[in-house]
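Colleague: I'd like to ask you about the structure that follows.
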Amino acid sequence: MFRPCLYMLPHIYREDDVEEITRKMILILHKRALRHSVPSGICHYCTTRHFSVTERHLLKLIASGYHLSETAALLSLSEEQTKSLRRSIMRKLHVKTEQQFLKYIRVNLHFLLSK
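Residue 126 in the working numbering is what sits at position 11 of the sequence shown, and the numbering runs on without skipping anything.
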């Protein structure tokens, strides 16, 4: 069952004009149409809110297919710092192996590619 997360829905205010309300409603319907690609227990905001900005950036690069050495260069970090960030993310996601980590990203965090 799909339960939208309140963090993901736009706020509609009394002062909004008709065009703004229409735009927000279309956004809500579009997100609802994507519900089949997101498991019911996972909300995009809730899944990544515990990560630092750098961790989110690293996740996005890994989801895009970059290798660890490439991500280190893109983030202007050493490979050791990047590995440490990856371990921190894996701990927060409760995954033990790199294969589980990559599978988790592929299955649950593909929305990072559109941002």
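For glycine and all other residues, C-beta sits at the position ideal for the given N, C-alpha and C.
On a predicted model such as this, the values are computed, not experimentally measured, just so you know.
How is the alpha helix (DSSP H) around F216 delimited, first residue to last?
Modeller: 213–223
Colleague: When DSSP labels each residue in this structure, what does E232 get in the three-state scheme?
Modeller: The structure shown does not extend to residue 232, since the chain is modelled only from 116 to 230, so the question has no answer here.
Colleague: Would you mind sorting I127 into buried or exposed? The rule is 16 or more other CB atoms within 10 Å of its CB.
Modeller: exposed
Colleague: If I'm right that L200 touches L189 with Cβ under 8 Å, what's the distance once you round it to whole angstroms?
Modeller: That belief does not hold up - the Cβ atoms of L200 and L189 are roughly 12 Å apart, past 8 Å.
Colleague: When you compare each of L174, S191, E194 to I220 by their alpha carbons, which one comes out closest?
Modeller: Looking at L174, S191, E194, the one whose alpha-carbon comes closest to that of I220 is L174.
Colleague: Can you tell which of S203, R138, E195, H145 has the C-alpha that lies nearest to the C-alpha of V168?
Modeller: S203
Colleague: Can you look up R201 in the DSSP assignment and give me helix, strand or coil?
Modeller: helix
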